[in-house]
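> So the sequence shown is numbered by our numbering: it starts at 4 and just counts up by one.
Virtual Cβ for every residue (Gly too), placed ideally from N, Cα, C.
None of the values given here were measured: they were computed from a predicted structure.
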Amino acid sequence: MNTQLDFDPRDRKKYYLEETSTRRFIFWLIRVFFNTATLMKLEGQENFPLDGPVIIAANHVTNFDAFPMQFAVPRAICYMGKAELFNTPVLDPLLRVLCAFPVNRGEKDEWALRHAHKILAQGHILGMFPEGKRSKGNGLCVAKTGTARMAIEVNCPIIPMTVIGTDQVFKRFPYRSSLTIKLLPPILPNPSDTPLSLTDRLMFTLAAGLPESMRGVYAEIPKGFGG
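(1) For ALA61 versus ILE128, is the C-beta spacing smaller than 8 Å?
(2) Return helix, strand or coil for GLU87, following the three-state DSSP convention.
(3) With distances taken between CB atoms, is the gap from GLY212 to LYS185 smaller than 8 Å?
(4) Between PHE37 and SER195, what straight-line distance do the alpha-carbon atoms span, to the nearest angstrom?
(5) Here's a check: name, in chain order, each residue in its chain whose Cβ is nearer than 6 Å to the Cβ of VAL76, leaving out the five neighbours to either side.
(6) Could you check where the alpha helix (DSSP H) with ALA210 kicks off and where it finishes?
(7) Tell me whether ALA103 sits in a helix, a strand or coil according to DSSP, three-state version.
(8) Pull the bridge partners of MET164 from the DSSP assignment, please.
(9) Let me check understanding here. Comparing Cα to Cα, which of TRP114, GLY109, GLN171 and ASN66 lies closest to TYR18?
(10) Which residues bound the beta strand (DSSP E) around MET43?
(11) Can you tell me whether ALA119 is buried or exposed? The criterion is at least 16 other CB atoms within 10 Å of its CB, across all chains shown.
(12) Starting from GLY130, trace the beta strand (DSSP E) both ways and give me its first and last residue.
(13) In the DSSP output, which residue or residues are listed as bridge partners for CYS159?
(14) Got a sec? Which residues, its chain only, sit under 7 Å from VAL64 by beta carbon, not counting five neighbours each side?
Given below as structure tokens:
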């Protein structure tokens with residue numbers, strides 16, 4: 004193995020995998036800010052495991068989604084973020100202490116995949132948006148198979164999470180908008196699952212937990228789909 008070829012400049016930096024006092028304080032400030040603009044309702048918290056590796060997979064409407072996702076669970080969530088966000092001297096250390104890590108979009112980023120595996124191997128939480136991009140309120144988009152592939156490789160549960168209302172945050176100010184986060188029952192990979200079949204199970208589960216207007220391409224379950 005050529006270690007020179009395997010080296011990635013991101014290895015020089017520290018990427019946090021769990022809660023720190025700094026992270027806790029930052030999210031406290033963000034939550035205070037959110038509470039001035041939203042009335043947040045949490046459902047299904049009994050479906051969330053208090054230990055062990057888990058992937059949280061959510062629909063993706065706006066850039067705000069990651070914050071209420073974190074507010075809904077008592078453990079730190081690690082997220083992938085587009086590499087461009089980590090190219091500034093202010094955002095880079097802030098995102099890293101918030102347990103985010105960069106991914107080069109539009110390519111198979113081996114470093115990001117290894118880091119995601121490391122998060123799960125150490126029993127932490129990986130937050131994923133299977134659609135890979137924001138729907139901007141137009142309903143679920145066709146999902147990529149990366150989330151399911153990761154769950155199969157690590158053999159860990161996926162917790163589907165629906166995020167409803169982030170597209171209305173701050174639009175009704177000074178009145179507060181409604182924000183609902185639902186944690187759905189865990190989905191476990193089956194021995195017969197392929198990344199595509201598990202992705203379909205995940206996305207149709209997410210769609211069923213969303214209002215009809217947000218189900219997008221997963222609004223209608225194909226005839227004969229086993230679920």
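The short version:
(1) Counting from one through the sequence shown, the residue named residue 61 turns up at place 58. Counting from one through the sequence shown, the residue named residue 128 turns up at place 125. No, these two residues do not count as a Cβ contact at 8 Å.
(2) Position 84 of the sequence shown holds residue 87. If DSSP states are grouped into helix, strand and coil, GLU87 belongs with the helices.
(3) Taking the sequence shown and counting its residues from 1, the one referred to as residue 212 is at position 209. Taking the sequence shown and counting its residues from 1, the one referred to as residue 185 is at position 182. Yes; because the gap between Cβ atoms is below 8 Å, this pair is in contact.
(4) The residue given as residue 37 occupies position 34 in the sequence shown. The residue given as residue 195 occupies position 192 in the sequence shown. One C-alpha to the other measures close to 42 Å.
(5) By 1-based counting over the sequence shown, the position of residue 76 is 73. Counting only Cβ-Cβ distances below 6 Å, and skipping sequence neighbours, we find PHE51.
(6) The residue given as residue 210 occupies position 207 in the sequence shown. 198-211 is the extent of the alpha helix (DSSP H) around ALA210.
(7) Locating residue 103 in the sequence shown gives position 100, counting from the first residue. Here ALA103 sits in strand by DSSP.
(8) Within the sequence shown, numbered from 1, the residue matching residue 164 stands at position 161. According to DSSP, which records beta bridges pairwise, MET164 is partnered with ALA61 and LEU186.
(9) Mapped onto the sequence shown, residue 18 falls at position 15. Of TRP114, GLY109, GLN171 and ASN66, the smallest CA-CA separation from TYR18 is found for TRP114.
(10) For the purposes of this step, residue 43 is taken as the residue at position 40 of the sequence shown. Its beta strand (DSSP E) spans residues 41-46.
(11) Translated into positions along the sequence shown, residue 119 becomes position 116. Looking at its Cβ environment, which holds 16 or more other Cβ atoms inside 10 Å, ALA119 is buried.
(12) Position 127 of the sequence shown, counted from the start, is the residue given in the question as residue 130. GLY130 -> beta strand (DSSP E) spans 128-131.
(13) Numbered from its first residue, the sequence shown carries residue 159 at position 156. The partner list for CYS159 (beta bridge, DSSP) is empty, contrary to what the question assumes.
(14) For this step, residue 64 is matched to residue 61 along the sequence shown. So the qualifying residues of the chain are ARG137, SER138, LYS139, GLY140, VAL166, THR169 and ASP170.
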